Amino acid sequence: MTFISPKTDFAFKKIFGSQESKPILISFLNALVYHNQPLIQDLEIIDPYQSSPLPILKDSFLDVKAKLRNGSLVIIEMQVLQVESFARRVLYNATKAYCLQLGKGEGYRYLKPVIALTITDFVMFPEHNQVISNFKLREETTNINYIENHLQLVFVELPKFEKQLEELEQLDELWMYFLINAPSLETVPPQM
74 MTFISPKTDF
84 AFKKIFGSQE
94 SKPILISFLN
104 ALVYHNQPLI
114 QDLEIIDPYQ
124 SSPLPILKDS
134 FLDVKAKLRN
144 GSLVIIEMQV
154 LQVESFARRV
164 LYNATKAYCL
174 QLGKGEGYRY
184 LKPVIALTIT
194 DFVMFPEHNQ
204 VISNFKLREE
214 TTNINYIENH
224 LQLVFVELPK
234 FEKQLEELEQ
244 LDELWMYFLI
254 NAPSLETVPP
264 QM
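Mapping of the sequence shown onto the working numbering: residues 74 to 265, in sequence order.
What follows is the structure, encoded as structure tokens:
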């Protein structure tokens, strides 16, 4: 048996964005966002369509959107093709998810953090060879975190991941290996 590539839109949404896949999404997020720590115990998969209440704002479509138990939102996108202004699109979608949390008259204290997990099938940051990059708001010279660190951008650049099956040690490595190699697997490896 061969598997469809999880990088395709249909497969990615089916694997990570359906209600039946909640345990899979929890494992995936704990591995890639929380460095293999089981910090997420539960989540709610929600509609990934981000329509705007203002007709002047652009609508956006995400692959997967989830709400964690603490209210934080996680938006996930799998991007195969490198398209113009993609980095801006990631930032737009993350900040839009942040802004759309409040209705008219609601206080800012109700805002919850947004985590944008973006998996790319191309290299976004050629200046370093790190596979997973994690961006948060920090002061430039002292490197202190912003008081309300509510925006986190996590990028997984699949072309930078080069480990073979026998070298895999951590859950994040297993997930990256799966995303890259699923179409060539005949069975699910025991490590997974």
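Don't be surprised by glycine CBs; every beta carbon is placed ideally from N, CA and C.
All of these numbers come straight from a predicted model, not from anything done at the bench.
Inset, instruction - With T168 as the anchor, note down where its alpha helix (DSSP H) starts and where it stops. - result: F159 to C172
Inset, instruction - Kindly identify the DSSP beta-bridge partner or partners of M151. - result: I192
Inset, instruction - Could you tell me whether the segment 243-250 touches the segment 92-105, where touching means 3 or more Cβ pairs closer than 8 Å? - result: Cβ pair count under 8 Å is three or more, so yes.
Inset, instruction - Enumerate, from N- to C-terminal direction, the unbroken beta strand (DSSP E) stretches of 3 or more residues contained entirely within the segment 176-262. - result: Counting only runs of at least 3 residues, the segment 176-262 fully encloses the following beta strand (DSSP E) elements, listed from N- to C-terminal order: 187-193, 205-209 and 224-230.
Inset, instruction - For I119, collect the residues of the same chain with a Cβ closer than 6 Å to its Cβ; drop the 5 residues on either side in sequence, then sort them by chain order. - result: Result list for I119: K138 and K140, in chain order.
Legend entry - Beta-bridge partners of L118, as assigned by DSSP: Contrary to the premise, residue 118 reads as Ile rather than Leu in this sequence. In DSSP, I118 forms a bridge with A139.
Legend entry - Of the residues P256, R162, S158 and N202, the one placed nearest I149, counting alpha carbons only: R162
Inset, instruction - Just tell me which of K80, E93, S94 and L224 has its CA closest to the CA of L184. - result: L224
Legend entry - Span of the alpha helix (DSSP H) around K17: In the structure as shown, the chain begins at 74 and stops at 265. Residue 17 is therefore absent and cannot be evaluated.
Inset, instruction - Please name the residue in A189, P262, Y171 and I205 whose C-alpha comes closest to that of Y181. - result: Y171
Legend entry - Bridge partners - L146, DSSP secondary structure assignment: In the DSSP output, where bridge partners are listed per residue, L146 has K140 and V187.
Legend entry - Residue range of the alpha helix (DSSP H) that includes I113: First-last for I113: undefined, no H or E at that position.
Inset, instruction - Hey, could you find the ends of the alpha helix (DSSP H) S267 is sitting in? - result: The structure shown does not extend to residue 267, since the chain is modelled only from 74 through 265, so no value can be given for it.
Legend entry - Reduced DSSP secondary structure (H/G/I, E/B, other) of F76: coil
Legend entry - Beta carbon of Y219 nearer than 7 Å to that of L210: Between Y219 and L210, the C-beta gap is smaller than 7 Å, which places the two residues in contact.
Legend entry - Cβ distance (whole Å) where M249 is taken to contact F228 below 8 Å: The pair is not a contact, with the Cβ atoms about 12 Å apart (cut-off 8 Å).
Inset, instruction - Decide if the segment 252-262 is in contact with the segment 74-82; the criterion is three or more beta carbon pairs, one per stretch, under 8 Å apart. - result: yes
Legend entry - Distance between G178 and N202 (C-alpha atoms, nearest Å): Their Cα atoms are separated by approximately 45 Å.
Legend entry - Selected residue, minimal CA-CA separation from N143, among D136, N166 and D115: D115
Inset, instruction - Could you check if V147 is buried or exposed, using at least 16 other CB atoms within 10 Å of its CB as the buried criterion? - result: Per the 10 Å Cβ criterion, buried.
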